[in-house]
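Asker: Order-wise, the sequence lines are chains A and B. Our numbering applies: residue 1 is where the first sequence begins, and numbers increase by one. Our numbering applies: residue 1001 is where the second sequence begins, and numbers increase by one. Glycine included, C-beta positions come from ideal geometry on N, C-alpha and C. This is the structure I want to talk about, given as structure tokens.
Number of protein chains: 2
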Amino acid sequence: MNYKIAVIPGDGIGPEIVGASTKVLDKIGEKFNHSFDYTKVLAGGVAIDTCDTPLPQETIDICKASDAVLLGALGGPKWDNLPGDKRPEAGLLGIRKALGLYANLRPAILYEELKASCPLKPEIVGDELDLMVVRELTGGIYFGEKGQDGDNAAWDVMKYTRPEVLRIARKAFEIAMKRNKKVTNVDKANVLGVSRFWRSIVLEVAKDFPKVELNHLYVDNAAMQLVINPKQFDVIVTSNLFGDILSDEASMITGSIGMLPSASLSDGKFGMYEPIHGSAPDIAGQDIANPIATIISVAMMLRFSLDLTEEADLIEAAVKKTLSQGYRTADIYSEGMKKVGTVEMGQRIIENL
Amino acid sequence: MNYKIAVIPGDGIGPEIVGASTKVLDKIGEKFNHSFDYTKVLAGGVAIDTCDTPLPQETIDICKASDAVLLGALGGPKWDNLPGDKRPEAGLLGIRKALGLYANLRPAILYEELKASCPLKPEIVGDELDLMVVRELTGGIYFGEKGQDGDNAAWDVMKYTRPEVLRIARKAFEIAMKRNKKVTNVDKANVLGVSRFWRSIVLEVAKDFPKVELNHLYVDNAAMQLVINPKQFDVIVTSNLFGDILSDEASMITGSIGMLPSASLSDGKFGMYEPIHGSAPDIAGQDIANPIATIISVAMMLRFSLDLTEEADLIEAAVKKTLSQGYRTADIYSEGMKKVGTVEMGQRIIENL
Ligand SMILES: [Mg+2]
Ligand SMILES: [Mg+2]
Chain A
1 MNYKIAVIPG DGIGPEIVGA STKVLDKIGE KFNHSFDYTK VLAGGVAIDT
51 CDTPLPQETI DICKASDAVL LGALGGPKWD NLPGDKRPEA GLLGIRKALG
101 LYANLRPAIL YEELKASCPL KPEIVGDELD LMVVRELTGG IYFGEKGQDG
151 DNAAWDVMKY TRPEVLRIAR KAFEIAMKRN KKVTNVDKAN VLGVSRFWRS
201 IVLEVAKDFP KVELNHLYVD NAAMQLVINP KQFDVIVTSN LFGDILSDEA
251 SMITGSIGML PSASLSDGKF GMYEPIHGSA PDIAGQDIAN PIATIISVAM
301 MLRFSLDLTE EADLIEAAVK KTLSQGYRTA DIYSEGMKKV GTVEMGQRII
351 ENL
Chain B
1001 MNYKIAVIPG DGIGPEIVGA STKVLDKIGE KFNHSFDYTK VLAGGVAIDT
1051 CDTPLPQETI DICKASDAVL LGALGGPKWD NLPGDKRPEA GLLGIRKALG
1101 LYANLRPAIL YEELKASCPL KPEIVGDELD LMVVRELTGG IYFGEKGQDG
1151 DNAAWDVMKY TRPEVLRIAR KAFEIAMKRN KKVTNVDKAN VLGVSRFWRS
1201 IVLEVAKDFP KVELNHLYVD NAAMQLVINP KQFDVIVTSN LFGDILSDEA
1251 SMITGSIGML PSASLSDGKF GMYEPIHGSA PDIAGQDIAN PIATIISVAM
1301 MLRFSLDLTE EADLIEAAVK KTLSQGYRTA DIYSEGMKKV GTVEMGQRII
1351 ENL
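See the structure below:
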């Protein structure tokens, strides 16, 4: 098969980590007889510098005409003093909106080889940890009506519509079917009307997935459970605000943010894939950035947008094998390991494919 | 001095833990020449059984006429099938409202002797952990307008007024002045208008407390920082919803929920004090419940409502000493320690006063 991939290298370490990742993808193409056509497009700071906008229309058009988008990282101090809508972050929000990316998938994975950097005790995390937060990304209180009454009061509205909840719930159950068939819905239905509404729709969608086990947690309890018993989770589905909090907490308990990918999906199979870490301009261009989060983002792209499950599994296995062989970039290096740069880490992973 | 204390033993283990705690308070009275007059009043399940309401008016009146309220725990499965407004929890919400308790103080304390039950690695928590979440308790989205448009949409409004933010911010800074003089304001000001409003008022209040260091965290980042670097915090001040999530997360990282007290304060010095754990009806009446959370709630009462700092310090020191002597109730027992019941734990702490 032939796949069209829009590639947004972005700023800082973006070009290096994306470069290492597309090489992994090329090797997958070779092994499985796929061809991946990359179209490089601009967004973020580099787009501001060359086109005077963080998100050129051409970028949106090319992304829309692709099967999936791979993004490195956007932003850096160079552009931090620009007004809000001219900043690189506006490019990211703009692209999510333009592409209708309403489902944010945030896996929290702990690798046995990196257990030392996990803040939780070994008896809590066991050998591995692998959960997925499915966060609603384009609704809820972050996009609700807001208002202010002079100096007297201010408010934001947490609102969800039926179609918004239906599609994110469906996405979560579909993902659970590809994993361990367990969905934990997180809300605050004991207090919030919008949560009771949300939960009623999740229960409705659950009927179409009789093989998936469903349970419910209040958000305050979920924040506790992530710390004392994270292994109970497979897929967590939740709203924009709660998902923002819980996905960040979940990534932190793994202790290895430099290793974590993300996906933002729209209807159908289209999606954008990116590491959750930033553009790290201080180490850009030195061949020391860790490309693993981006390489695993590529595995997510194969799994969720291209339906190439075997290929995705192979990349993830190769990453684990490379770690077990002792190869480490500087950010995850510990004594006795073999320190490698961005390019060599990519090559070692390719050798293990 | 003579102090009037309204005592609500409540349900389950409530009467036992409150009984152990008032004995500690009596001993403090003896040592320091104070007299504490207790008036026992009903709330929760026991009030439902005897007065057919979870919160008799007499209880409110007596609480209002007191210097402070000490509460054990309310509720149990016996009353779980009653309608919402007839349940024991309604008594708790009702009393908070009737007494104007807008500031919820939730200390998260890790005792060196109980480090083994902390879910975080020792290098993260060090020898001790002692932070305080100051949560706004009677405003925000839990009390905002709510609405529903048939099956199409539902919403809740997160609103704060200027007086609401002023008083909770002031409370937080006052508390920080009695602690390590550091306040971390937690909001989501990069996205929410109500958070920008909240933050502007916190900044205004900060001017009156030039000795207190102030910083700001977004709520998603705060959820992460609690896991990887909890020692950075002294006082966290935040809204009702964010405080619900973060205070529960903070208590969980201590690994000893049976040890944690809480205070709910109104204007002036009046407050209600209670352990954060529940009524544990399964172990009620067996002299095995842990009274420490309630005894430390009494210390908070001395500190915040009665201005008896030395007396409060003494109770806290006695609890630590008792733990260091190896005395443990069943819930915190580990091998090699001396297992004691509710009454004996209280007595050992009294001996150490
Ligand atoms: Mg976040
Ligand atoms: Mg809670």
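Based on DSSP bridge pairs, tell me the residues matched to E1158 of chain B.
Answerer: Within the second sequence, residue 1158 of chain B is the residue found at index 158, counting from 1. According to the sequence shown, residue 1158 of chain B is Met rather than Glu. Partner(s): A:D156.
Asker: With which residues is N1290 of chain B paired in a DSSP beta bridge?
Answerer: Walking along the second sequence from the start, residue 1290 of chain B turns up at place 290. N1290 of chain B pairs with nothing; no bridge assigned.
Asker: Can you list, in chain order, the residues of its chain whose CB lies under 7 Å from that of L306 of chain A, leaving out five sequence neighbours each side?
Answerer: For the purposes of this step, residue 306 of chain A is taken as residue 306 along the first sequence, with counting starting at 1. Y3, D67 and A68.
Asker: Which chain A residues sit within Cβ distance under 7 Å of I1141 of chain B?
Answerer: Sequence index remark: in the second sequence, residue 1141 of chain B carries index 141 (1-based). What I1141 of chain B touches in chain A: M158 and L192.
Asker: Compare the beta carbon distance of V1202 of chain B and V1237 of chain B with 8 Å and say whether it is the shorter of the two.
Answerer: For this step, residue 1202 of chain B is matched to residue 202 along the second sequence. For this step, residue 1237 of chain B is matched to residue 237 along the second sequence. Cβ distance < 8 Å, so V1202 of chain B and V1237 of chain B count as in contact.
Asker: So, do the stretch 1137-1155 of chain B and the stretch 1111-1124 of chain B have three or more beta carbon pairs nearer to each other than 8 Å?
Answerer: Short answer: they don't touch.
Asker: If we define contact as Cβ-Cβ less than 8 Å, is P291 of chain A a contact residue for chain B?
Answerer: The residue you call residue 291 of chain A lines up with position 291 of the first sequence. It does not: the Cβ of P291 of chain A has no partner Cβ on chain B nearer than 8 Å.
Asker: Using only CA atoms, which one of A:N152, A:R303, A:I95 and A:G14 lies nearest to T59 of chain A?
Answerer: Reading the first sequence from its first residue, position 59 is the one you call residue 59 of chain A. Nearest C-alpha to T59 of chain A: A:I95.
Asker: In the DSSP output, which residue or residues are listed as bridge partners for A20 of chain A?
Answerer: Numbered from 1 along the first sequence, position 20 holds the residue referred to as residue 20 of chain A. Bridge partners of A20 of chain A: none, in fact.
Asker: N1215 of chain B: buried (16+ other C-beta within 10 angstroms of its C-beta) or exposed?
Answerer: Position 215 of the second sequence, counted from the start, is the residue given in the question as residue 1215 of chain B. Classification for N1215 of chain B: exposed.
Asker: Select from A:A153, A:G12, A:I296 and A:T329 the residue whose C-alpha is nearest the C-alpha of L70 of chain A.
Answerer: By 1-based counting over the first sequence, the position of residue 70 of chain A is 70. Checked all of A:A153, A:G12, A:I296 and A:T329; the closest Cα to L70 of chain A is A:I296.
Asker: Are the stretch 1044-1056 of chain B and the stretch 1085-1099 of chain B touching, with three or more C-beta to C-beta distances below 8 Å?
Answerer: Touching, yes, given that three or more Cβ pairs across the two stretches are closer than 8 Å.
Asker: Please list, in chain order, all residues of the same chain as A1172 of chain B whose beta carbon is under 7 Å from its beta carbon, the five residues on each side excluded.
Answerer: As a first step, residue 1172 of chain B is located in the second sequence; it is residue number 172 there, counting from the start. V1134, V1183, V1235 and V1237.
Asker: By Cβ distance below 6 Å, which residues in the same chain neighbour S1117 of chain B in space, the five residues on each side in sequence not counted?
Answerer: Looking up residue 1117 of chain B in the second sequence gives position 117. The residues are G1255 and S1256.
Asker: Please find out if some non-hydrogen atom of ligand 1 comes closer than 7 Å to the beta-carbon of D1331 of chain B.
Answerer: The residue you call residue 1331 of chain B lines up with position 331 of the second sequence. No; taking the cut-off as 7 Å, the Cβ of D1331 of chain B has no heavy atom of ligand 1 nearer than that.
Asker: Could you please tell me which residues of the stretch 66-87 of chain A, in chain order, have their CB closer than 8 Å to any CB of chain B?
Answerer: Correct list: empty, as no residue qualifies.
Asker: Give me the chain A residues within the contact set of G1146 of chain B, using Cβ-Cβ distance strictly less than 7 Å, ordered along the chain.
Answerer: Position 146 of the second sequence, counting from 1, holds the residue named residue 1146 of chain B. For the sequence presented, residue 1146 of chain B should be read as Lys rather than Gly. What K1146 of chain B touches in chain A: G193.
Asker: Using the beta-carbon of each residue, find all residues closer than 5 Å to any heavy atom of ligand 2 and list them in chain order.
Answerer: Per the Cβ criterion, the list is A:D220, B:D1244 and B:D1248.
Asker: Using a beta-carbon distance below 8 Å, is L1120 of chain B in contact with chain A?
Answerer: The sequence position of residue 1120 of chain B within the second sequence is 120, counting from 1. Taking Cβ atoms only, chain A reaches closer than 8 Å to L1120 of chain B, which makes this a yes.
Asker: DSSP three-state call for P1275 of chain B: helix, strand or coil?
Answerer: Taking the second sequence and counting its residues from 1, one reaches residue 1275 of chain B at position 275. Three-state DSSP puts P1275 of chain B in a strand.
Asker: Are the stretch 1218-1229 of chain B and the stretch 244-251 of chain A touching by the rule of at least three beta carbon pairs closer than 8 Å?
Answerer: Touching, yes, given that three or more Cβ pairs across the two stretches are closer than 8 Å.
Asker: Residues of the stretch 162-178 of chain A with a CB closer than 7 Å to any CB of chain B: list them in chain order, please.
Answerer: Against chain B - using a Cβ distance shorter than 7 Å - the residues of the stretch 162-178 of chain A are R162.
Asker: Sort A:T39, A:K40 and A:L25 by Cα distance to N33 of chain A and report the nearest one.
Answerer: Your numbering for residue 33 of chain A matches position 33 in the first sequence. Nearest C-alpha to N33 of chain A: A:L25.
Asker: Please go through the same chain and pick out, in chain order, the residues whose beta-carbon is closer than 6 Å to the beta-carbon of P1009 of chain B, but skip the five residues on each side of it.
Answerer: Position 9 of the second sequence, counting from 1, holds the residue named residue 1009 of chain B. Once the five neighbours on either side are set aside, the close Cβ partners of P1009 of chain B are P1015, V1018 and G1072.
Asker: Let me make sure I understand the geometry here. Which of B:N1352, B:R1087, B:F1304 and B:G1076 has the alpha-carbon closest to that of L1105 of chain B?
Answerer: On the second sequence, position 105 is the one that residue 1105 of chain B refers to. Nearest option by C-alpha distance: B:F1304.
Asker: Does chain A have any CB closer than 8 Å to the CB of I1245 of chain B?
Answerer: Sequence index remark: in the second sequence, residue 1245 of chain B carries index 245 (1-based). True, the Cβ-Cβ gap to chain A drops below 8 Å.
Asker: Among all the DSSP beta bridges, which residues are the ones paired with L1055 of chain B?
Answerer: Here residue 1055 of chain B refers to the residue found at position 55 of the second sequence. Answer is none; L1055 of chain B lacks a bridge partner.
Asker: How many angstroms separate the CA atom of A108 of chain A from the CA atom of I253 of chain A?
Answerer: As a position in the first sequence, residue 108 of chain A is number 108, starting the count at 1. As a position in the first sequence, residue 253 of chain A is number 253, starting the count at 1. Straight-line Cα distance between these residues: approximately 8 Å.
Asker: Suppose you measure from the CA of S21 of chain A to the CA of V298 of chain A; what does that come to, to the nearest Å?
Answerer: Sequence index remark: in the first sequence, residue 21 of chain A carries index 21 (1-based). Sequence index remark: in the first sequence, residue 298 of chain A carries index 298 (1-based). Taking the straight line from one Cα to the other gives about 7 Å.
Asker: Quick one: is N215 of chain A near chain B, going by C-beta distance under 8 Å?
Answerer: Here the question's residue 215 of chain A lines up with position 215 in the first sequence. Answer no: the Cβ-Cβ gap between N215 of chain A and chain B never drops below 8 Å.
Asker: Does the beta carbon of E1351 of chain B fall short of 7 Å from some heavy atom of ligand 3?
Answerer: Among the ligands present in this structure, namely ligand 1 and ligand 2, ligand 3 is not found.
Asker: Buried or exposed: where does T1050 of chain B fall if 16 or more other Cβ atoms within 10 Å of its Cβ makes it buried?
Answerer: Taking the first residue of the second sequence as 1, we reach residue 1050 of chain B at position 50. Exposed, because fewer than 16 other Cβ atoms sit within 10 Å of the Cβ of T1050 of chain B.
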